[in-house]
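All remarks here apply to the structure that follows.
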Amino acid sequence: MKGAPLLLLALLSSSLAVPVWAQEQPSADAALAAFRAGRYEEAATIWTALITQKPDVPGFHFWYGRTLLEQGHLEEAVKEFRAVLQAKPDSVESLYWLGVALKKGGDIEGARQAWEQALAVRPGYAEARQALSQLKSEAGPGRSPAPAAGAPSAGPSPQGAKSGSRAHHRVRVDLAKIGDIADVSVTTRNFLDYTFSAAPTDWYVRGG
110 MKGAPLLLLA LLSSSLAVPV WAQEQPSADA ALAAFRAGRY EEAATIWTAL
160 ITQKPDVPGF HFWYGRTLLE QGHLEEAVKE FRAVLQAKPD SVESLYWLGV
210 ALKKGGDIEG ARQAWEQALA VRPGYAEARQ ALSQLKSEAG PGRSPAPAAG
260 APSAGPSPQG AKSGSRAHHR VRVDLAKIGD IADVSVTTRN FLDYTFSAAP
310 TDWYVRGG
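For the sequence shown, the numbering used here assigns the number 110 to the initial residue and increments by one for each residue that follows.
Right under this line is the structure:
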């Protein structure tokens, strides 16, 4: 029994060496908390774990893309936003942030297309309109932003989105806005099957 205290001490030391968030089951709440606090490496680790568990949840890819963008991983961020748009072509938030990532990477024409698509879905989307205005201002009077050679399309056209996509499911939504982050609790028969006119990827599902 002399070895028992040493074994207990070794196990305790091992657990203390691992961050608390890494010892627990990954959750969107923890990932968003890390993102808000600027702990992007931690947030990226949690989003990666969540995507591994549930690869078909667009919101996970959206927030992982946001995290990658904050880390300066532009190409990877673009891939995540495009993954969302493959599932939800009308996700205006994904289109907007795709444009941001493309512009940071030097693809001005791709950014313009993304923001124009966002406005086609939601004409009153102020962020996309402001971004386009900034592009025009940077290009100079009477000039349009020069297209990037061989620049790929920003993503699926919003016209490709499912028609009549206005809330086919009856849901209860509790919304709390915190800065540019919307926390949403959605109760529905199948919470992974979203059908909203506005992009569900602006939100995430709590629990379930």
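Quick reminder that beta carbons are idealized off the backbone N, C-alpha and C, glycines included.
Only a predicted model underlies this, so the values are computations on that prediction, with no experimental measurement involved.
query                                                                                                                                                                                        : result
Using only CA atoms, which one of 240, 215, 181 lies nearest to residue 204?                                                                                                                 : 240
Looking only at its own chain, which residues have a Cβ that is under 6 Å from the Cβ of residue 201, when we skip the five neighbours before and after it?                                  : 227, 230, 231, 234, 308
If you count every other CB in all the chains shown that lies within 10 Å of the CB of residue 174, and 16 or more means buried, which is it?                                                : buried
Just to check my reading of the structure: residue 244 and residue 217 have Cβ atoms closer than 8 Å, yes? What is that Cβ distance to the nearest angstrom?                                 : 7 Å
Where does residue 212 sit, in a helix, a strand or coil, going by DSSP?                                                                                                                     : helix
What separation, rounded to the nearest whole angstrom, lies between the Cα atoms of residue 167 and residue 160?                                                                            : 9 Å
Put residue 152 into one of helix, strand or coil per three-state DSSP.                                                                                                                      : helix
At which residues does the alpha helix (DSSP H) containing residue 170 begin and terminate?                                                                                                  : 167-180
Return the residue from the list 137, 178, 162 that minimises the CA-CA distance to residue 186.                                                                                             : 178
By DSSP, does residue 199 sit in helix, in strand, or in coil?                                                                                                                               : coil
Please work out which residues of its chain come closer than 7 Å, Cβ to Cβ, to residue 152, disregarding the five sequence neighbours upstream and downstream, and give them in chain order. : 140, 143, 144, 176
Beta-carbon within less than 8 Å of residue 209's beta-carbon, same chain only, minus the 5 sequence neighbours each way: which residues are those?                                          : 178, 220, 240
Measure from the alpha carbon of residue 181 to the alpha carbon of each residue in 213, 148, 246, 189, then state which is nearest.                                                         : 213
So is residue 222 buried or exposed if we call it buried at 16+ other beta carbons inside 10 Å?                                                                                              : buried
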